[in-house]
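As C-alpha cells, the structure follows; a few thoughts come after it.
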Amino acid sequence: MIHRRSLYIFFILTLLLIISTVVAVSIPGAGITTAKVWSAFQGTESGLARTIVFSWRAPRIATALLVGAALGIAGSLFQALTRNPLGSPDIIGFNTGAYTGVILTMTSGMTSFTSVAFGALIGGLATAFIVMAFSVRLRIDGLRIILVGLGVSAMLSAFNRWLITRSDLNTAMSAASWGAGSLNGIRWSAATPAIVALAIIVTLALFLGSRIDILNLGDDTATALGLAVNRSKFVLLFVGVVLVAITTAVAGPISFIALAAPHIAQRITASPRTPLLIAALTGSILLLIADIIAQRAFAPVQLPVGLVTVVIGGIYLLTLIASASRRT
C-alpha cells in the first residue's frame, strides 16, 4: 500500500513539475506574448522571442529544476545524518561556508564559474570539517552537529559581511547579489557545467537511499546489519556538501528548500523510508514556483528567488509549529 501510494505521489509530482515548467516557459513578459513563445518552439518565430525562450528562460528553468532537486536531496541527507528535522545545510551552516568560499574567490579576482564553484566547494568542505571536528567524539552526534553548525554559521555570516565591506564596489555588489540567492541572468555558459555536475551527483545520491534507511534504524542496529556507520555518515556528509557547494556556486545560498522539501516528501508519502526521489521532485517544484513568483510578483522588477523561498519557508515553519502546538 505504501509503495503504491509513493508511486501515485511520484506521478502527481511529475505532472506538477511538467505544468510548472510549461508555465515558466510560456508566461508573457519581456515584450513577448504566450503565442509568440509557442511560435518560437514551432520554429515560426525568430528574433527576440526565440532568444528569450531558448537563451534566457530555458537555462534558467533547467538550473532551477536541478538546483531544487539537489537541495531537496541534500536536505534529506543532512536530516538523515543528524536524525533531526532541523538538520538542513542552511541551518547547520554549510550554505554559509560555501558562500564564504564564493566571496573569497570573487575578492581574489577569479570570477569564472569553475573558480567560483571550486571556491564554494572548498568553503563548504572546510566548514563541514570545522563543524565535524567540534561535533564528533566516538561517533557522529546529530544534535551536536546542529548546535555547532549554528555557531559556526553565525561567525561565518559576520565574516562574510566584513569581507563584503572590505571589497571594491563592483565586487561587493556582485557578492551581495549572489548572497541573496538568485537565478536572474543565468545563461547556458554558466548553467551547462552546473547542470552536468548536478545531474551526475544527484543521480549518484539517489542510490544512497538504502544506506539511509539502515542508518535510520539506529547506529547499533545498523552496525549489527554490517553497515560501517561512521563511514556511511561521512559519505552522506561529503555528497551533501558537494551538492550544496555547486548549488551555491550557480545560484547563491538559497534557503529553506533543503529544509522543507524532505519534510513535505515524508508527509505526503507517509513512508517510513527516506523518499529521496520524491524529495528531489518536491525541491524542483518548490524552487521553480518560487522563481515564477520572483519574476512576476513585482514585474518588471525581478526579485531574488532566495527572498521568495525565505518567505515560503517561514510560512511553512509557522504552519508546522501551529500544527505541533495543536497536537499537544
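With the UniProt record's numbering, the residue at position 128 of the sequence shown is 128, and numbering never jumps. All C-beta atoms, glycine included, are put in the ideal place defined by N, C-alpha and C. In this text the structure is predicted, and so the values were computed from the model without any measurement.
Per DSSP, the unbroken alpha helix (DSSP H) holding R267 starts and ends at 257 to 269. With fewer than 16 other CB atoms across the displayed protein chains lying within 10 angstroms of its CB, S112 is exposed. Rounded to whole angstroms, Q302 and R161 show a C-alpha spacing of 24 Å.
Comparing alpha carbon positions, the residue from L281, V308, I292 closest to A74 is L281. Here DSSP, grouped into helix, strand and coil, assigns I27 to coil.
When the five nearest sequence neighbours on each side are left out, the beta carbons in the same chain lying within less than 6 Å of the beta carbon of R273 are those of D213, in order along the chain. I201 carries a helical assignment under DSSP once its states are collapsed to helix, strand and coil. Looking at the backbone, the Cα of A294 and that of T82 are separated by about 32 Å. Per DSSP, I52 lies in no alpha helix (DSSP H) segment and is marked neither H nor E. Taking the CA atoms as reference points, V244 sits about 17 Å from L104.
Here DSSP, grouped into helix, strand and coil, assigns F234 to helix.
The alpha-carbon separation between G142 and G109 amounts to approximately 37 Å.
Between F78 and G240, the gap from beta carbon to beta carbon is short of 8 Å.
By the criterion of a C-beta distance shorter than 6 Å, G72 is surrounded in its chain by A261, A279, A280, T282, G283, once the five residues flanking it on both sides are discounted. In the pairwise beta carbon analysis, the region 42 to 62 is classified as not touching the region 216 to 225: fewer than three pairs are separated by under 8 Å. Residue state for N84 is assigned as coil, using DSSP reduced to three classes.
Taking A191 as reference, the option from V23, I19, S55 with the minimal CA-CA separation is S55. Here DSSP, grouped into helix, strand and coil, assigns A299 to coil. Per DSSP, the continuous alpha helix (DSSP H) segment holding M106 begins and ends at 94 to 107. In this structure A270 is in contact with R5, their Cβ atoms being roughly 7 Å apart against a cut-off of 8 Å. For G181 against I246, the beta-carbon gap comes to about 14 Å, at or over 8 Å, which does not count as contact.
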